[in-house]
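Asker: The structure's right below; bear with me while I get my questions together.
Quick look at the structure:
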């Protein structure tokens, strides 16, 4: 089902259009998940979450189906990159390269050793046949870049509660880009948890138990409240972040490449994770 990623060479990991990735997730939601829940008589709040590129896709799923979800979970999301000179040149030539050599593996790949501090996790990553390894194809890279840019233009449309978590030592995705995005969303219920020393694979690395607990606690806390819709007069993310930095905001504290759908106002987590309430307005009870 779907058009997003053929598994056969030479088209493995060839993203012909970024929209295919989002369309496939929406197709699963409407044609598989919702009918299955209805057949079982389940009427529970839904949360959409994504890791890495899945975090980008999950954001678009929420933009397209905001009424279907009670919240968005972004784990080490790929929503932009650290712009090296090589990437800047490739981006400038993106449309040309995508048209001339679409399958060429030109875009630098993430390094396996940057996935986790735990060698066993890196080994599992390398041995997983469903994970594509190696440089990103020219067409795929250009389409994902389009996804980055389009999300930046639409981030103010994100109104649902958001839980984002990112390692401070993640070399695969950009924590500064995530911080910047969350300043501009319309949601008044946003939590960013930064895991000190955490790498990319937070759900599998040494910090996995604390990370899983943080996500689970947040889901449970938001499964019984109405989605936090932003009022027209609500302050922007930048204004909220500024108030927090001045000490005016009341402090609060607190699964890989694909997006998943799953059915807080918790205290500080143990370990090195720190929860930063980017926007601390509580959701209202219906």
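In the numbering used here, the protein residues as written are 806 to 1091. Ideal placement from N, C-alpha and C gives every residue a C-beta, glycine not left out. Treat the numbers as computed from the prediction; the structure is a model and nothing was measured.
With DSSP run on the structure shown, which of helix, strand or coil describes residue 1146?
Answerer: Given that the chain is displayed from residue 806 to residue 1091, the structure contains no residue 1146 and the question cannot be resolved.
Asker: With which residues is residue 969 paired in a DSSP beta bridge?
Answerer: In the DSSP output, where bridge partners are listed per residue, residue 969 has 879 and 997.
Asker: Roughly how many angstroms separate the alpha carbons of residue 949 and residue 883, rounded to a whole number?
Answerer: Using only the alpha carbons, I get a separation of about 9 Å.
Asker: Thinking residue 818 and residue 945 are a contact (beta carbons under 8 Å), I'd like their distance in whole angstroms, please.
Answerer: The Cβ separation is near 6 Å, so the contact holds.
Asker: Identify whether residue 852 lies in helix, strand or coil by the three-state DSSP scheme.
Answerer: Strand at residue 852.
Asker: Candidates 927, 940 and 902: which alpha carbon is nearest residue 914's?
Answerer: Ranking the options by Cα distance to residue 914, first place goes to 940.
Asker: Roughly how many whole angstroms lie between the Cα atoms of residue 976 and residue 881?
Answerer: Cα-Cα distance, rounded: 10 Å.
Asker: Residue 803 by DSSP, collapsed to three states: which one?
Answerer: The structure shown does not extend to residue 803, since the chain spans only 806 to 1091, so no value can be given for it.
Asker: Between residue 878 and residue 859, is the Cβ-Cβ spacing less than 8 Å?
Answerer: No; because the gap between Cβ atoms is not below 8 Å, this pair is not in contact.
Asker: If you draw a straight line from the alpha carbon of residue 1062 to that of residue 952, how long is it in whole angstroms?
Answerer: For residue 1062, the pLDDT reaches just 49, beneath the cut-off of 50, and the residue's location in the model is therefore unreliable, although a value from the coordinates is still provided. Taking the straight line joining both Cα atoms gives about 15 Å.
Asker: Can you tell me which of the three DSSP states residue 915 falls into?
Answerer: Residue state, collapsed to three classes: coil.
Asker: Shortest alpha-carbon distance to residue 966 belongs to which of 835, 994 and 863?
Answerer: Comparing Cα-Cα distances from residue 966 to each of 835, 994 and 863, the minimum goes to 994.
Asker: Would you report the Cα separation of residue 852 and residue 1009, rounded to the nearest angstrom?
Answerer: Straight-line Cα distance between these residues: approximately 20 Å.
Asker: Residue 874: which of 958, 972, 963 and 985 sits nearest, CA to CA?
Answerer: Among 958, 972, 963 and 985, the Cα nearest to that of residue 874 is on 963.
Asker: Classify residue 814 as helix, strand or coil using the three-state DSSP reduction.
Answerer: Coil.
Asker: Identify every residue that forms a DSSP beta bridge with residue 1017.
Answerer: In the DSSP output, where bridge partners are listed per residue, residue 1017 has none listed.
Asker: Looking at the secondary structure, which residues open and close the alpha helix (DSSP H) in which residue 954 lies?
Answerer: Looking at the DSSP string, the run of the alpha helix (DSSP H) that includes residue 954 is 943-959.
Asker: Shorter than 7 Å, the distance from the beta carbon of residue 976 to the closest heavy atom of the ligand ATP, or not?
Answerer: No copy of the ligand ATP occurs in the structure displayed, which carries no ligand at all.
Asker: Please state if the CB of residue 908 and the CB of residue 815 are separated by a distance shorter than 8 Å.
Answerer: Going by C-beta atoms, residue 815 is nearer than 8 Å to residue 908.
Asker: Going by alpha carbons, who is nearest to residue 869 out of 959, 932 and 842?
Answerer: Measuring from the Cα of residue 869, the nearest candidate turns out to be 959.
Asker: Out of 971, 1014, 988 and 1007, state which residue places its alpha-carbon closest to the alpha-carbon of residue 999.
Answerer: When each option's Cα is compared against that of residue 999, the closest is 971.
Asker: Ignore the nearest five residues each way along the sequence and tell me which others in residue 891's own chain have a CB closer than 8 Å to its CB.
Answerer: Contacts found: 913.
Asker: Apart from the five residues just before and just after residue 979, which ones in its own chain have a Cβ nearer than 7 Å to its Cβ?
Answerer: If we look at residue 979 and ignore the five residues flanking it on each side, its Cβ neighbours are 885, 886 and 887.
Asker: What is the DSSP secondary structure of residue 836, counted as helix, strand or coil?
Answerer: Note: residue 836 maps to helix in three-state DSSP.
Asker: Could you say if the segment 1005-1019 and the segment 985-993 meet the contact criterion of at least three C-beta pairs nearer than 8 Å?
Answerer: No, the segment 1005-1019 does not touch the segment 985-993.
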